[in-house]
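Chemist: Sharing a structure with you now.
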Amino acid sequence: MQSLLLYFDDERAAALRLAAACGLAAAAIERHRFPDDELRLRLPLDGAARLPEQLVIYRGLDHPNERLVELLLLAGEARALGARRLLLVSPYLAYMRQDIAFNPGEVVSQRIIGRFLAEHFDALITVDPHLHRVASLNEAVPLADAVTLSGAPALAELIARQRPQAVLIGPDAESVQWIEVAAGSHGFAHGVCQKVRHGDRDVSIELPDMPLAGRQVVLLDDIASSGRTLAQACRQLLAAGASSVDVAVTHALFAGDALETIRAAGVDQVWSTDCIAHPSNAVHMAPYLAAALKPLLR
Ligand code: R5P
54 MQSLLLYFDD
64 ERAAALRLAA
74 ACGLAAAAIE
84 RHRFPDDELR
94 LRLPLDGAAR
104 LPEQLVIYRG
114 LDHPNERLVE
124 LLLLAGEARA
134 LGARRLLLVS
144 PYLAYMRQDI
154 AFNPGEVVSQ
164 RIIGRFLAEH
174 FDALITVDPH
184 LHRVASLNEA
194 VPLADAVTLS
204 GAPALAELIA
214 RQRPQAVLIG
224 PDAESVQWIE
234 VAAGSHGFAH
244 GVCQKVRHGD
254 RDVSIELPDM
264 PLAGRQVVLL
274 DDIASSGRTL
284 AQACRQLLAA
294 GASSVDVAVT
304 HALFAGDALE
314 TIRAAGVDQV
324 WSTDCIAHPS
334 NAVHMAPYLA
344 AALKPLLR
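So the sequence shown is numbered by our numbering: it starts at 54 and just counts up by one.
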């Protein structure tokens, strides 16, 4: 099959790294925003005004409400223009956290968005999706080819270079999976906090019972959103005597004043993968994404 990787200009760098790692041609999707916020997309056609049969769409789903509409517009038109196989590489997958109705009538967003993606795409590759109560990605996105990667191995390598003596701390119980991967490959001392969330920007944290005085600590987590989890953990680590606290996250959402909040709490370095384009990006996921994508290409 003739193949092409399509990307949007705001993810150009990471998309081109993936295209290069897979030996794929790549082209940008033009996007125009009308005064009322509607979008017009324009796909790059060949001389016969068609698209190749196989398209890799690179689109992370931070800013999810807008980007899900992009995917809806794009997938429908791509098939009309000749694409037969659409592979979505979405390094950050949104709407995965609401996986049950916590209160009667609440929409289970994970199920709805998962089905939407499965209806429009033939395969999905993502990184550290926030899955709490489902064991595998294809329970949330019912596709035979729904591939989950993790940012933890690449972040662990970075931490090993930057802070070889670090204590790795996960800010909550869910982070144990990434802490164990990172600590297992590099032998870091490690521990996991207990977190109780009281609201979107309000968490309390209990540190693990381990020696922290004088230690360089790196907080490792999948997502920094409001930054409150990392900020609260950092304050308590410094109060417990840690000599420094740095942060490594897969998904640098950093919504609103998140960065200022964690800096004010005393965080020194902030490192992230390029799953979401952000000034803190220190790790490229292209080699990992390429290794997952190549076997799916026909
Ligand atoms: C939660 O379980 C996640 O792993 C993150 O800790 C959480 O999403 C971070 O959110 P925030 O930055 O808003 O505290």
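Every residue gets a Cβ at the ideal spot worked out from N, C-alpha and C, and that includes glycine.
Examine the Cβ distances between the segment 195-209 and the segment 323-334 and report whether three or more of them are shorter than 8 Å.
Modeler: Contact between the segment 195-209 and the segment 323-334 is present, because at least three Cβ pairs lie under 8 Å.
Chemist: Just to confirm, are Ala199 and Leu177 a CB contact at a threshold of 8 Å?
Modeler: A contact, by the Cβ cut-off of 8 Å.
Chemist: By the three-class DSSP mapping on this structure, what secondary structure does Ser162 have?
Modeler: Correct three-state label for Ser162: helix.
Chemist: Determine the closest residue to Glu172 out of Val187, Ala128, Thr201, with distance taken between C-alpha atoms.
Modeler: Among Val187, Ala128, Thr201, the Cα nearest to that of Glu172 belongs to Ala128.
Chemist: Restricting to Cα atoms, I'd like to know which of Ala147, Ile232, Arg95 is closest to Leu190.
Modeler: Among Ala147, Ile232, Arg95, the Cα nearest to that of Leu190 is on Ala147.
Chemist: Enumerate in chain order the residues of its own chain whose CB-to-CB distance from Phe174 is below 6 Å, with the five nearest sequence positions on each side excluded.
Modeler: Within the same chain, Phe174 has close Cβ partners Leu139, Leu141.
Chemist: Are the beta-carbon atoms belonging to Ala305 and Ser279 less than 8 Å from one another?
Modeler: Contact: no.
Chemist: Are the beta-carbon atoms belonging to Glu130 and Leu96 less than 8 Å from one another?
Modeler: Cβ atoms of Glu130 and Leu96: closer than 8 Å.
Chemist: Which word fits Gln285, buried or exposed, when buried means at least 16 other C-beta atoms lie within 10 angstroms of its C-beta?
Modeler: Buried: at least 16 other Cβ atoms inside 10 Å.
Chemist: Identify the continuous alpha helix (DSSP H) that holds Ala128 and give its terminal residues.
Modeler: First-last of the alpha helix (DSSP H) with Ala128: 117-133.
Chemist: Spatial neighbours of Asp62 within its chain, please: CB distance less than 8 Å, with the 5 preceding and 5 following residues excluded, ordered by chain position.
Modeler: Counting only Cβ-Cβ distances below 8 Å, and skipping sequence neighbours, we find Ala81, Arg84.
Chemist: Taking all protein chains shown into account, decide if Val249 is buried (16 or more other Cβ within 10 angstroms of its Cβ) or exposed.
Modeler: Val249 comes out exposed.
Chemist: Quick check: the Cα distance between Asp225 and Ala193, rounded to an integer number of angstroms?
Modeler: The alpha-carbon atoms of Asp225 and Ala193 are separated by roughly 22 Å.
Chemist: From Gln289 to Thr303, what does the alpha carbon distance come to, in whole angstroms?
Modeler: Rounded to the nearest angstrom, the two C-alpha atoms are 22 Å apart.
Chemist: Check whether the Cβ atoms of Leu114 and Tyr145 sit closer than 8 Å, and answer yes or no.
Modeler: Yes; because the gap between Cβ atoms is below 8 Å, this pair is in contact.
Chemist: Please state whether the Cβ-Cβ distance between Ala339 and Leu71 is less than 8 Å.
Modeler: Against a cut-off of 8 Å, the Cβ pair of Leu71 and Ala339 comes out as a contact.
Chemist: Does at least one heavy atom of the ligand R5P sit under 7 Å from the Cβ of Ile276?
Modeler: Yes, the Cβ of Ile276 comes within 7 Å of a heavy atom of the ligand R5P.
Chemist: From the DSSP output, in three-state form, read off Tyr111 for me.
Modeler: Reduced to three states, the DSSP call for Tyr111 is strand.
Chemist: For the beta strand (DSSP E) containing Tyr60, list its first residue and its last residue.
Modeler: First-last of the beta strand (DSSP E) with Tyr60: 56-60.
Chemist: Taking only beta-carbon atoms, is Asp99 less than 8 Å away from chain B?
Modeler: Among the protein chains of the structure shown there is no chain B, as only one such chain exists.
Chemist: So, is Leu98 buried or exposed, given that buried needs 16 or more other C-beta atoms within 10 angstroms?
Modeler: Under this definition Leu98 is an exposed residue.
Chemist: Report the option in Asp262, Met263, Ala293, Arg254 whose CA atom is closest to the CA atom of Ala277.
Modeler: Of Asp262, Met263, Ala293, Arg254, the residue nearest in Cα terms is Arg254.
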